[in-house]
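Student:
Number of protein chains: 2
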Amino acid sequence: MKKEQPIGVFDSGLGGLTVVKSLIEQMPDEDIIYFGDTARVPYGSRSSETIQTYACQDVEFLLQYQVKAVVIACNTADSMARTLIEERYDLPVVGVVGPAAQKAVAQTANGKIGVIGTKATVNSGAYEKAVKAIDPFMRVFSRACPLLVPLVENGRFQRNDKVVRIILDEYLEPLHRENIDTLVLGCTHYPLLKEAVQACLPDVNIISSGEASTDTLRELLTRHNLLNDTKERGEHRYFVSDDAATFTENAEIFLGRSLDGAVQCITL
Amino acid sequence: MKKEQPIGVFDSGLGGLTVVKSLIEQMPDEDIIYFGDTARVPYGSRSSETIQTYACQDVEFLLQYQVKAVVIACNTADSMARTLIEERYDLPVVGVVGPAAQKAVAQTANGKIGVIGTKATVNSGAYEKAVKAIDPFMRVFSRACPLLVPLVENGRFQRNDKVVRIILDEYLEPLHRENIDTLVLGCTHYPLLKEAVQACLPDVNIISSGEASTDTLRELLTRHNLLNDTKERGEHRYFVSDDAATFTENAEIFLGRSLDGAVQCITL
Chain D
508 MKKEQPIGVF
518 DSGLGGLTVV
528 KSLIEQMPDE
538 DIIYFGDTAR
548 VPYGSRSSET
558 IQTYACQDVE
568 FLLQYQVKAV
578 VIACNTADSM
588 ARTLIEERYD
598 LPVVGVVGPA
608 AQKAVAQTAN
618 GKIGVIGTKA
628 TVNSGAYEKA
638 VKAIDPFMRV
648 FSRACPLLVP
658 LVENGRFQRN
668 DKVVRIILDE
678 YLEPLHRENI
688 DTLVLGCTHY
698 PLLKEAVQAC
708 LPDVNIISSG
718 EASTDTLREL
728 LTRHNLLNDT
738 KERGEHRYFV
748 SDDAATFTEN
758 AEIFLGRSLD
768 GAVQCITL
Chain R
508 MKKEQPIGVF
518 DSGLGGLTVV
528 KSLIEQMPDE
538 DIIYFGDTAR
548 VPYGSRSSET
558 IQTYACQDVE
568 FLLQYQVKAV
578 VIACNTADSM
588 ARTLIEERYD
598 LPVVGVVGPA
608 AQKAVAQTAN
618 GKIGVIGTKA
628 TVNSGAYEKA
638 VKAIDPFMRV
648 FSRACPLLVP
658 LVENGRFQRN
668 DKVVRIILDE
678 YLEPLHRENI
688 DTLVLGCTHY
698 PLLKEAVQAC
708 LPDVNIISSG
718 EASTDTLREL
728 LTRHNLLNDT
738 KERGEHRYFV
748 SDDAATFTEN
758 AEIFLGRSLD
768 GAVQCITL
């Protein structure tokens, strides 16, 4: 493994770009290969077998580019397919669940952690397991929020959007009642909703799974002397499995900047 | 072709069950094979090439069961792939767009027809073309409503649901402003929203594409002496490409009754 090799990142679609955003901010020298499986998005409502099949195909696509590490920038794929990916492929894998769980345990004061995510992520119990593995005295309250991804993908995430507010109030009310002091945004689409969520839960500390993942990856690469330190701005390449035009159109809201590389549509 | 052969119906997921509902009501003797492509739902936001590939695979699955006709119970697949399916396969194909367009032209008084559907259906211009082919003096006003499918699939379609009301008002307001007197529900999920839509547009005549499709199929089978008249209640078999459990759980709201056959999960 050489430090010049790119980092591979995959997600079911657009959401993983929020992870790319923090990768670019924190490790600007790294080359990045991104794959968004837009022909089969969303993963969040599919069965575990299907998600595992899709996630392995995504990793195999990235392996063609000699990536030095893979970031699973999708909470659903990380929850359902991480163990299988680690067993099957011989390269460092960083997910989003583990790092966010660690950060939540470190930051909670009352030991009550909330998690919101897709149906598949929440049903997998992945966050609960990850938190309890670090500290079995922690209590985790999870809530599936299946309407948030479609809302975000249709440009509705502003804190003053009436629909967003009603839906968030419904989803978050049971977590508020449990008196959580920390909430994990367990889906890479949700950082866009951060302000709206904060408005519903003003006293709660909000953790974005993507940012936590970037911290963990940087530590890992540093420890193994694999951090790219060429001091040249990294190259970023984007691949999707369907409809490059719509991906390009929507990428900016997730990336926080316009896309700095061409998007290529490939068949898996 | 024999009258005892089943009718094949396919959709990207659950929505096509509203078409099965009217098939069962109008032709109770017919055997039905239903396929819902739940591993790759939704079709409505994908590219035309991808939708064409998926739709042909769906038809090929149904052909294994010696179906006497295929119903494309998905406006998106019908809009994007109908011509290709008709060219490639030698069997009668009934869609949803053509029949609904005919009904709309027959029923409008002021010649102003509204159409709501997925992004792919609306962008294809299929309804506009179908309506103008019948009567070029008609005016068609279309609106993509990408949030309606996720809302319905999450059980939100009641006319008193606040979120449904806000979203429908936003989507329908431009059609109302055009003074349409007839509205086609151009997505097989939308019949569940019929009451809510009617509440927003109380004076507009609403046409469900699935019901129109069933009328056309019945005429076609009658004309070719292919209507099953055994006077025995037909058998209904359901196949999906992912997660039979969730499909079974949600089927009742689309079918208006509990599922009368087992659901089998297959790999395409």
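The listed protein sequences correspond, in order, to chains D and R. In terms of my numbering, the first sequence is residues 508 to 775. In terms of my numbering, the second sequence is residues 508 to 775. Note that beta-carbon positions come from the ideal geometry of N, C-alpha and C, so glycine has one too. Please read all numbers here as calculations on a predicted model, not as lab measurements.
(1) For K738(R), does the three-state DSSP call read helix, strand or coil?
(2) Do we get a CB-CB distance below 8 Å when we pair I623(D) with the residues of chain R?
(3) With 16 other CB atoms within 10 Å as the buried threshold, where does F664(R) fall?
(4) Using beta-carbon positions only, say whether Y550(D) and T583(D) come within less than 8 Å of one another.
(5) DSSP has R650(D) in a bridge; who is on the other side?
(6) In terms of alpha-carbon separation, which member of V578(R), A562(R) and V629(R) lies closest to L724(R)?
(7) List the residues of chain R whose Cβ lies closer than 7 Å to the Cβ of S554(D), in chain order.
(8) Leaving out the 5 sequence neighbours to the left and right, which residues in its chain are closer than 7 Å to V647(R) when beta-carbon positions are compared?
(9) Kindly indicate which three-state DSSP category T545(D) falls into: helix, strand or coil?
(10) Three Cβ pairs or more, each shorter than 8 Å: is that satisfied between the stretch 534–545 of chain R and the stretch 734–752 of chain R?
(11) In chain order, which continuous runs of the alpha helix (DSSP H) of length 4 or greater are located wholly inside the stretch 705–771 of chain R?
(12) Run the CB neighbour count on I773(R), radius 10 Å, all protein chains shown included, and call it buried at 16 or more, exposed below.
(13) According to DSSP, simplified to helix, strand and coil, what is L775(R)?
(14) Which two residues bound the contiguous alpha helix (DSSP H) that contains L658(R)?
(15) Relative to the C-alpha of T525(R), which residue among F568(R), E718(R) and N735(R) is closest?
(16) Contact criterion: CB-CB distance below 8 Å. Does I773(R) meet it with respect to chain C?
(17) Going straight from the alpha carbon of G522(R) to that of Q771(R), what length do you get?
(18) Helix, strand or coil for L690(D) per DSSP?
(19) Output, in chain order, the set of chain R residues within a Cβ distance shorter than 7 Å of T557(D).
(20) Using the three-state DSSP reduction, which class does V574(D) fall into: helix, strand or coil?
(21) Is T721(D) near S519(D), with beta carbons less than 8 Å apart?
(22) Taking the alpha helix (DSSP H) that G605(D) belongs to, which residues open and close that run?
(23) Does the Cβ of T590(R) have 16 or more other Cβ atoms within 10 Å, making it buried, or fewer, making it exposed?
(24) So, at 7 Å on beta carbons, what are the nonlocal neighbours of P698(R) in its own chain, with the 5 sequence-adjacent residues on each side left out?
(25) Which bits of chain D does I531(R) rub up against, with CB to CB less than 7 Å?
(26) Just tell me which of V527(D), K510(D) and L708(D) has its CA closest to the CA of S765(D).
(27) To the nearest angstrom, report how far apart S748(D) and A616(R) are at their CA atoms.
(28) Thinking G624(R) and A651(R) are a contact (beta carbons under 8 Å), I'd like their distance in whole angstroms, please.
(29) Run the CB neighbour count on E660(R), radius 10 Å, all protein chains shown included, and call it buried at 16 or more, exposed below.
(30) Going along chain R, which residues have a C-beta under 9 Å from L654(D)?
(31) For A546(D), count the other beta carbons within 10 Å of its own beta carbon; 16 or more makes it buried, fewer makes it exposed. Which is it?
(32) Does the separation of the CB atoms of N667(R) and E511(R) fall below 8 Å?
(33) Determine the closest residue to T689(D) out of Y678(D), Q705(D) and T695(D), with distance taken between C-alpha atoms.
(34) Could you tell me whether any Cβ in chain D is nearer than 8 Å to the Cβ of I760(R)?
(35) For a contact meaning CB atoms closer than 7 Å, what does I673(D) contact in chain R?
(36) Is Q614(D) buried or exposed, if buried means 16 or more other CB atoms sit within 10 Å of its CB?
Tutor: Well, looking at it:
(1) Here residue 738(R) refers to the residue found at position 231 when the second sequence is read from its first residue. DSSP places K738(R) in coil when its eight states are reduced to three.
(2) Here the question's residue 623(D) lines up with position 116 in the first sequence. Put simply, the CB of I623(D) is far from chain R, with every gap to its CB atoms at 8 Å or more.
(3) Position 157 of the second sequence, counted from the first residue, corresponds to residue 664(R). Counting every other CB atom within 10 Å of its CB across the protein chains shown gives F664(R) a total of 16 or more, marking it as buried.
(4) Working through the first sequence from its first residue, we reach residue 550(D) at position 43. Working through the first sequence from its first residue, we reach residue 583(D) at position 76. In this structure, T583(D) lies closer than 8 Å to Y550(D) by Cβ.
(5) Your numbering for residue 650(D) matches position 143 in the first sequence. Per DSSP, I623(D).
(6) Your numbering for residue 724(R) matches position 217 in the second sequence. Restricting attention to V578(R), A562(R) and V629(R), the CA atom closest to the CA of L724(R) is found in V578(R).
(7) In the first sequence, counting from the first residue as 1, residue 554(D) sits at position 47. In chain order: D749 and D750.
(8) Sequence index remark: in the second sequence, residue 647(R) carries index 140 (1-based). If we look at V647(R) and ignore the five residues flanking it on each side, its Cβ neighbours are I620, V622, Y634, E635 and V638.
(9) Taking the first sequence and counting its residues from 1, the one referred to as residue 545(D) is at position 38. Note: T545(D) maps to coil in three-state DSSP.
(10) Touching, yes.
(11) Runs found: 716–730 and 751–762.
(12) The residue given as residue 773(R) occupies position 266 in the second sequence. Answer is exposed; the Cβ neighbour count stays below 16.
(13) Reading the second sequence from its first residue, position 268 is the one you call residue 775(R). Here L775(R) sits in coil by DSSP.
(14) For the purposes of this step, residue 658(R) is identified with residue 151 of the second sequence, where counting begins at 1. That run of the alpha helix (DSSP H) goes L655 to E660.
(15) Within the second sequence, numbered from 1, the residue matching residue 525(R) stands at position 18. Closest option to T525(R), Cα to Cα, is E718(R).
(16) Absent from the structure is chain C; the protein chains it does hold are D and R.
(17) Within the second sequence, numbered from 1, the residue matching residue 522(R) stands at position 15. Within the second sequence, numbered from 1, the residue matching residue 771(R) stands at position 264. Each residue's alpha carbon lies about 17 Å from the other.
(18) Numbered from its first residue, the first sequence carries residue 690(D) at position 183. The answer is strand: DSSP assigns L690(D) an E or B state.
(19) In the first sequence, the residue the question calls residue 557(D) occupies position 50. Contact note: T557(D) reaches chain R through A546 and D749, using a C-beta cutoff of 7 Å and chain order.
(20) Counting from one through the first sequence, the residue named residue 574(D) turns up at place 67. Three-state result, V574(D): coil.
(21) On the first sequence, residue 721(D) is found 214 positions in, with the first residue counted as 1. On the first sequence, residue 519(D) is found 12 positions in, with the first residue counted as 1. No, the Cβ-Cβ distance between T721(D) and S519(D) is not below 8 Å.
(22) Numbered from 1 along the first sequence, position 98 holds the residue referred to as residue 605(D). First-last of the alpha helix (DSSP H) with G605(D): V604 to Q614.
(23) The residue you call residue 590(R) lines up with position 83 of the second sequence. When all chains shown are included, T590(R) counts as exposed.
(24) Position 191 of the second sequence, counted from the first residue, corresponds to residue 698(R). Here the set comprises T525, L692, S715 and G717.
(25) Locating residue 531(R) in the second sequence gives position 24, counting from the first residue. What I531(R) touches in chain D: nothing, since even the nearest Cβ is about 26 Å away.
(26) Here residue 765(D) is taken as the residue at index 258 of the first sequence, counted from 1. From the listed residues V527(D), K510(D) and L708(D), the smallest Cα separation to S765(D) is found for V527(D).
(27) For the purposes of this step, residue 748(D) is taken as residue 241 along the first sequence, with counting starting at 1. For the purposes of this step, residue 616(R) is taken as residue 109 along the second sequence, with counting starting at 1. Near 45 Å, if we compare the C-alpha coordinates of A616(R) and S748(D).
(28) Position 117 of the second sequence holds residue 624(R). Position 144 of the second sequence holds residue 651(R). Contact between G624(R) and A651(R) holds, since their C-beta atoms are separated by about 7 Å, short of 8 Å.
(29) Reading the second sequence from its first residue, position 153 is the one you call residue 660(R). It is buried - the Cβ of E660(R) has at least 16 other Cβ atoms within 10 Å.
(30) As a working note, residue 654(D) is residue 147 in the first sequence. For L654(D), the chain R residues whose C-beta falls within less than 9 Å of its own C-beta are L654, P657, L658, N661, R663 and V670, listed in chain order.
(31) By 1-based counting over the first sequence, the position of residue 546(D) is 39. Buried: at least 16 other Cβ atoms inside 10 Å.
(32) One-based indexing of the second sequence puts residue 667(R) at position 160. One-based indexing of the second sequence puts residue 511(R) at position 4. Result no, Cβ atoms of N667(R) and E511(R) do not sit closer than 8 Å.
(33) Stepping through the first sequence from its first residue, residue 689(D) is reached at position 182. It is Q705(D).
(34) Position 253 of the second sequence holds residue 760(R). Not an interface residue.
(35) The sequence position of residue 673(D) within the first sequence is 166, counting from 1. Using a Cβ-Cβ cut-off of 7 Å, I673(D) is close to K669 and V670 of chain R, given in chain order.
(36) What you label residue 614(D) is simply residue 107 of the first sequence in a count that begins at 1. Counting Cβ neighbours within 10 Å, Q614(D) comes out exposed, since fewer than 16 surround it.
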